[in-house]
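The numbering used here applies: residue 11 is where the sequence shown begins, and numbers increase by one.
All C-beta atoms, glycine included, are put in the ideal place defined by N, C-alpha and C.
It should be emphasised that the depicted structure is a prediction, and the values quoted were computed from it without experimental measurement.
Structure, as structure tokens:
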Amino acid sequence: MTRLAVNLSMIFTEVPLIERFALAQAQGFEHVEIQFPYELSIEAIQEQLQLHRLSLCLINVPAGDLMQGGNGLAGIPGKELEFSRALEQAVHYARALDVPRVNILAGKQPQDADLLPCLNTLAENLKLTCHILSEHDIEPVFEMINGTDMPRFLVQNIAQAQEMLEAVQHPALKMQYDCYHMAMMGENVLEALQDNLHDIGHIQFADCPGRHEPDTAQIMWAEIFNWLQHSSYQGFIAAEYRPQSHSVNSFAWKKKYFSE
Numbered sequence: 011m012t013r014l015a016v017n018l019s020m021i022f023t024e025v026p027l028i029e030r031f032a033l034a035q036a037q038g039f040e041h042v043e044i045q046f047p048y049e050l051s052i053e054a055i056q057e058q059l060q061l062h063r064l065s066l067c068l069i070n071v072p073a074g075d076l077m078q079g080g081n082g083l084a085g086i087p088g089k090e091l092e093f094s095r096a097l098e099q100a101v102h103y104a105r106a107l108d109v110p111r112v113n114i115l116a117g118k119q120p121q122d123a124d125l126l127p128c129l130n131t132l133a134e135n136l137k138l139t140c141h142i143l144s145e146h147d148i149e150p151v152f153e154m155i156n157g158t159d160m161p162r163f164l165v166q167n168i169a170q171a172q173e174m175l176e177a178v179q180h181p182a183l184k185m186q187y188d189c190y191h192m193a194m195m196g197e198n199v200l201e202a203l204q205d206n207l208h209d210i211g212h213i214q215f216a217d218c219p220g221r222h223e224p225d226t227a228q229i230m231w232a233e234i235f236n237w238l239q240h241s242s243y244q245g246f247i248a249a250e251y252r253p254q255s256h257s258v259n260s261f262a263w264k265k266k267y268f269s270e
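Dropping the structure here:
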């Protein structure tokens, strides 16, 4: 069964985060994801989820200064304690809000650092994450982000993600597969999904180039969405795009590809 979600960090940004839950419900969504929900209290989010009959399906571990142009936390030697505290905060939110999956952003290789220590730090932090999240029955995922939008990101493509899965060696750890990022990296989006579905725990989508809603650029969504709906995939498929105009006008794809 296909479980659609909408990302409240990138969509409905015309209003404050606290007001986006209502807009998600109005567009027919039952599930939402938030990149970094920590600007709101757990109680405020709980109230919105209950009021609008929504579930929160994914959050990220706080990523330090990554979204402000810095290097982040998870793969940065010397920031292990800071990452551990960030993970603790994410677990606190995820447990209280019944979030089934938590995403870890690897971060960027610092310009003055060698790559191997960064990858080793990331692997150790992912092992810690797997151990802690598994105790609470929360699935850890980590994301590949293209090197054009985020230069020096430590995990940019499928091959690098597979290498990290091999390094961590924990059965709970899965990839978070973003169709936009993979298209930006030159991957065949559908073939990569088909070849790696057993290692994928969460899927996000936006068209490429542009990172707008489906059918605004070059990705062939009919084939991808049709295959996913008939596949063995049990996770969420989340809209994470920048609407080309007003958010409420960006959902033609939902009726076209996911009408019941």
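Of the listed residues 102, 54, 169, nearest to residue 192 (C-alpha basis): Walking along the sequence shown from the start, residue 192 turns up at place 182. Considering only alpha carbons, the answer is 169.
Inter-residue CB distance, residue 248 and residue 213 (contact presumed, cutoff 8 Å): Looking up residue 248 in the sequence shown gives position 238. Looking up residue 213 in the sequence shown gives position 203. Sure, about 7 Å apart at Cβ, within 8 Å.
Backbone secondary structure at residue 73 - three-state DSSP: Here residue 73 refers to the residue found at position 63 of the sequence shown. Residue 73 falls in the coil class under three-state DSSP.
Cβ of residue 157 within 9 Å of any chain D Cβ: The displayed structure is made up of one protein chain only, and chain D is not part of it.
Rounded C-alpha distance that separates residue 20 from residue 30: Residue mapping note: residue 20 aligns to position 10 of the sequence shown, counting from 1. Residue mapping note: residue 30 aligns to position 20 of the sequence shown, counting from 1. Straight-line Cα distance between these residues: approximately 10 Å.
Start-end ranges of the alpha helix (DSSP H) lying completely within the segment 204 to 251, minimum 4 residues: 231 to 239
Residue 156 versus residue 94 - alpha carbon distance: Within the sequence shown, numbered from 1, the residue matching residue 156 stands at position 146. Within the sequence shown, numbered from 1, the residue matching residue 94 stands at position 84. When the Cα atoms are used, residue 156 and residue 94 turn out to be separated by approximately 25 Å.
For residue 261: DSSP bridge partner residues: Working through the sequence shown from its first residue, we reach residue 261 at position 251. None, per the DSSP bridge assignment.
Residue burial classification, residue 303 (beta-carbon count within 10 angstroms, cutoff 16): Residue 303 is absent from the model: the chain starts at 11 and stops at 270.
Reduced DSSP category for residue 65 - H, G, I as helix; E, B as strand; rest coil: As a first step, residue 65 is located in the sequence shown; it is residue number 55 there, counting from the start. Strand, per DSSP.
C-alpha distance - residue 64 paired with residue 56, whole-angstrom precision: Start at 1 with the first residue of the sequence shown, and residue 64 comes out as number 54. Start at 1 with the first residue of the sequence shown, and residue 56 comes out as number 46. Cα to Cα, the separation comes out at about 10 Å.
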